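Following my numbering, the numbering of the sequence shown begins with 126 at its first residue and continues without gaps. A short write-up of the structure that comes next.
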Amino acid sequence: MKKAFNIVLVGGGSTWTPGLLKALCKMKTRLPLNKLVMFDVNAERQAVIGEYAKVLFREEYPEVELIWTTDKEVALRDMDFIFCQMRTGGYAMREKDEKIPLSLGVIGQETCGPGGFAYGMRSIRDMIELVNDVRARSPQAWILNYTNPAAIVADALKKSFPDDERIINICDQPVNLLRSYGRLLGRDPEIFDPVYFGLNHFGWFTHLYDENGHDLAPELKAIIASNGFKPVDAEQRDQSWLDTYAAVADMLHDFPDYLPNTYLQYYLYPEYKLSKLDPNFTRANEVINGREKRVFDECRTAAAEGTTKNVHVVHNDAHGDMIVELAESIAFNLKKKFIVMVENNGLVANLDNDVMVEVAAEMGANGPRPFGVGKIPTFYKGMIEQQFAYERLTVEAYLEGSYTKALMALTLNRTIVDAKKARRVLDALIEANRDYWPELK
Ligand code: G6P
Ligand code: MN
126 MKKAFNIVLV
136 GGGSTWTPGL
146 LKALCKMKTR
156 LPLNKLVMFD
166 VNAERQAVIG
176 EYAKVLFREE
186 YPEVELIWTT
196 DKEVALRDMD
206 FIFCQMRTGG
216 YAMREKDEKI
226 PLSLGVIGQE
236 TCGPGGFAYG
246 MRSIRDMIEL
256 VNDVRARSPQ
266 AWILNYTNPA
276 AIVADALKKS
286 FPDDERIINI
296 CDQPVNLLRS
306 YGRLLGRDPE
316 IFDPVYFGLN
326 HFGWFTHLYD
336 ENGHDLAPEL
346 KAIIASNGFK
356 PVDAEQRDQS
366 WLDTYAAVAD
376 MLHDFPDYLP
386 NTYLQYYLYP
396 EYKLSKLDPN
406 FTRANEVING
416 REKRVFDECR
426 TAAAEGTTKN
436 VHVVHNDAHG
446 DMIVELAESI
456 AFNLKKKFIV
466 MVENNGLVAN
476 LDNDVMVEVA
486 AEMGANGPRP
496 FGVGKIPTFY
506 KGMIEQQFAY
516 ERLTVEAYLE
526 GSYTKALMAL
536 TLNRTIVDAK
546 KARRVLDALI
556 EANRDYWPEL
566 K
């Protein structure tokens with residue numbers, strides 16, 4: 126018989142949790158569960174998702190011990206895997222991350238630009254605390270982390286826990302892109318063997334091999350140039366996400382070498398994006414009125430009806446599936462390929478060793494075995510080095526409580542550039558984040 130695992134979902138009250146729960150049910154024979162804990166600091170949100178989980182697991186997975194809690198002692202002890210997706214400050218703070226920069230004439234986005242900076246300064250504190258809390262209770266557990274802004278979190282955790290080899294930072298956007306390529310090419314994305322390099326939300330696919338080693342990237346680029354680009358689940362997406370995917374065609378038109386991550390649009394076209402963003406109604410509002418409302422309504426409905434059979438919209442497949450598949454690959458040493466964040470150490474030959482790059486890696490019982498890509502061309506190297514300097518300075522600003530480093534970070538960010546603008550944005554963000562950030566001196 127296969128081993129059964131203890132897993133905790135940190136951020137159990139997230140809008141992404143139902144999809145994750147569904148993925149765990151779907152993959153019960155591949156990654157059997159013994160105990161599943163949902164853990165959140167917000168008891169109210171957690172209870173709504175917990176009641177949904179109770180109904181879902183009664184229907185699909187009754188043999189699992191399922192609990193939810195706000196007590197870390199209960200949540201983090203004797204775990205095999207920690208699936209982590211926390212959002213310090215919730216959507217209320219995301220709204221500020223997006224609106225404050227916009228009110229000062231720069232891009233507000235949850236992970237890019239000053240919005241991501243503000244969120245990063247909040248996430249670092251809670252992620253460091255979480256890792257310490259986990260290690261005190263589950264020294265061998267794998268921490269599979271989705272928490273954003275993942276690039277900054279990954280660097281902060283590497284700096285704070287340099288010898289901890291069981292923290293894996295990962296993002297679902299590369300998989301979302303692979304699935305979208307699959308739709309466009311009429312191919313099963315499972316067969317894709319991608320070559321990818323960059324930083325989180327700041328990377329490129331250089332090749333997309335099929336099962337015979339044939340590179341599909343040229344054909345894919347030609348299709349995108351003539352037909353545009355859509356997410357695999359276009360029918361379920363809000364307009365802002367459709368616009369985001371469409372921007373891939375513009376980026377390929379300007380820079381045809383590689384297939385860009387969608388998030389690069391903010392760094393390549395900051396003026397254009399700024400002109401398109403509404404300072405009074407940002408993505409946070411779209412999520413609060415859309416996904417969040419739908420997910421919580423549907424969870425309440427399932428709990429009231431005592432069945433999940435009328436619940437449909439709470440499952441984003443890629444996000445939930447990927448993390449469960451990653452755990453499976455580690456648990457059973459399957460060595461499947463995932464795109465993850467790891468320390469460079471020569472993977473990109475002409476970048477510094479200590480850059481936290483995002484590349485493809487085989488994931489097995491001993492962690493990631495990443496694939497190098499050799500030297501990258503000057504344009505990409507320049508982009509990455511500037512962006513990584515911003516990320517590293519953000520981490521140092523946090524760890525050292527340094528105002529000057531925070532100002533340097535924002536000045537280096539391509540969405541700002543001007544130091545006087547950076548100072549205005551920083552001062553406003555400090556004001557809004559008093560309850561979360563260390564004092565910057
Ligand atoms: C992608 C990114 C995530 C991001 C998510 C949701 O999957 O990789 O980092 O959090 O999209 O974004 P949204 O704006 O829909 O909350
Ligand atoms: Mn991401």
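Note that CB positions come from ideal geometry on N, CA and C, so glycine has one too. Predicted model, so just to flag it, every value in this text is computed and none were measured.
At least one heavy atom of ligand 2 lies less than 7 Å from the C-beta of residue 326. The C-beta separation of residue 356 from residue 370 comes to about 5 Å, placing the pair in contact by the 8 Å criterion. As the crow flies, the alpha-carbon of residue 468 is around 14 Å from that of residue 475. Restricted to the segment 288-364, the beta strand (DSSP E) segments that are unbroken, complete and at least 3 residues in length are 292-295, 318-324 and 327-334, listed in chain order. Straight through space, the alpha carbons of residue 485 and residue 334 are spaced by roughly 13 Å.
DSSP places residue 448 inside the alpha helix (DSSP H), whose first and last residues are 442-456. Counting along the chain, residue 133 sits inside the beta strand (DSSP E) bounded by residues 130-135. Counting C-beta atoms within 10 angstroms of its own C-beta, residue 443 has 16 or more neighbours from the protein chains shown and is therefore classed as buried. Every unbroken stretch of the beta strand (DSSP E) spanning 3 or more residues and falling wholly within the segment 465-504 is given here in chain order: 481-489 and 492-495. Of the residues assessed, residue 219 falls on the buried side of the cut-off, its CB having 16 or more other CB atoms within 10 angstroms. By the beta-carbon neighbour count (other beta carbons within 10 angstroms, threshold 16), residue 412 is buried. Residue 304 and residue 324 have their C-alpha atoms spaced approximately 20 Å apart. Bridge pairing for residue 462: 487 [DSSP].
If you look at residue 533, you'll find it in the alpha helix (DSSP H) that goes 528-537. The segment 548-566 makes no contact with the segment 272-281: fewer than 3 CB pairs, one atom from each, lie closer than 8 Å. Here the C-alpha atom of residue 540 lies approximately 29 Å from the C-alpha atom of residue 361. At a cut-off of 7 Å, the beta-carbon of residue 414 does not count as near ligand 1: no heavy atom of the ligand is closer than that.
In this structure, residue 166 lies away from residue 133, with their beta-carbon atoms at least 8 Å apart. When the five nearest sequence neighbours on each side are left out, the beta carbons in the same chain lying within less than 6 Å of the beta carbon of residue 160 are those of 131 and 190, in order along the chain. The segment 246-253 and the segment 264-274 touch, with three or more beta-carbon pairs separated by less than 8 Å. Within a 10 Å sphere around the beta-carbon of residue 257 sit fewer than 16 other beta-carbons, which makes this residue exposed. Taken through DSSP and simplified to helix, strand or coil, residue 190 comes out as strand. Every alpha helix (DSSP H) of 4 residues or more that sits fully in the segment 359-438 is shown, in chain order, as 364-379, 389-393, 395-401, 408-412 and 418-430.
Taking C-alpha positions only, residue 314 is separated from residue 514 by approximately 34 Å. About 7 Å separates the beta carbons of residue 239 and residue 538, which is inside the 8 Å limit, making them a contact pair. At a cut-off of 7 Å, the beta-carbon of residue 281 does not count as near ligand 2: no heavy atom of the ligand is closer than that.
Set against 7 Å, the gap from the CB of residue 297 to the closest heavy atom of ligand 1 is smaller.
Per DSSP, the beta bridge partners of residue 267 are 206.
Take the alpha-carbon of residue 192 and the one of residue 392: they are about 42 Å apart.
At least one heavy atom of ligand 2 falls within 7 Å of the beta-carbon of residue 275. Secondary-structure assignment with DSSP links residue 164 through a beta bridge to 135 and 194.
Annotation for residue 247: 213, 214 and 561 place their beta carbon closer than 6 Å to its own, counting only its chain and skipping 5 residues before and after. A distance criterion of 7 Å places the beta-carbon of residue 183 beyond contact range of ligand 1, judged by its closest non-hydrogen atom. Contact between residue 426 and residue 436 holds: their C-beta atoms lie close to 7 Å from each other, under 8 Å. In the pairwise beta carbon analysis, the segment 290-310 is classified as not touching the segment 498-512: fewer than three pairs are separated by under 8 Å. With contact defined as three or more Cβ pairs closer than 8 Å, the segment 485-496 and the segment 456-467 are in contact.
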